[in-house]
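Quick note: to get our numbering, add 16 to the position in the sequence shown (first position is 1). Backbone N, C-alpha and C fix where the C-beta goes; we use that ideal spot for every residue, glycine too.
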Amino acid sequence: MFIINMNDVLTISESSDIEMIMMYQNYLRQSIKEKSSQSKLNRRMGYISNVNDAKEILEKIFKSS
């Protein structure tokens, strides 16, 4: 078995190899599970604001002083 970084893949061709098909299906299942298990960041995790909101707040502070 071998693993290839998806950023390095240029083309994909059809395969009838059952082992390869099953490996690909498992990869898809795992990637879907990982995406669904990711949670949004909150203040407890260290998230304070997004870039645009922080920029507005800092501009208001700078202009008021």
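Under the three-state DSSP convention, the category K71 falls into: As a position in the sequence shown, residue 71 is number 55, starting the count at 1. In this structure, K71 counts as helix in the three-state DSSP scheme.
Neighbourhood of I77 by C-beta, 6 angstroms cutoff - its chain only, sequence neighbours within 5 removed: Counted from its first residue, the sequence shown places residue 77 at position 61. Within the same chain, and ignoring the five residues on either side of I77 in sequence, no residue has its Cβ closer than 6 angstroms to its Cβ.
For L26, name the three-state secondary structure that DSSP assigns. Numbered from its first residue, the sequence shown carries residue 26 at position 10. Coil, per DSSP.
Kindly list the residues whose CB is nearer than 8 angstroms to the CB of L44, restricted to its own chain and excluding five residues on each side of it in sequence; keep chain order. Looking up residue 44 in the sequence shown gives position 28. Excluding positions up to five away in sequence, the list is empty.
What are the boundary residues of the alpha helix (DSSP H) that N42 is part of? Counting from 1 along the sequence shown, the entry for residue 42 is found at position 26. Unbroken alpha helix (DSSP H) run through N42: 34-53.
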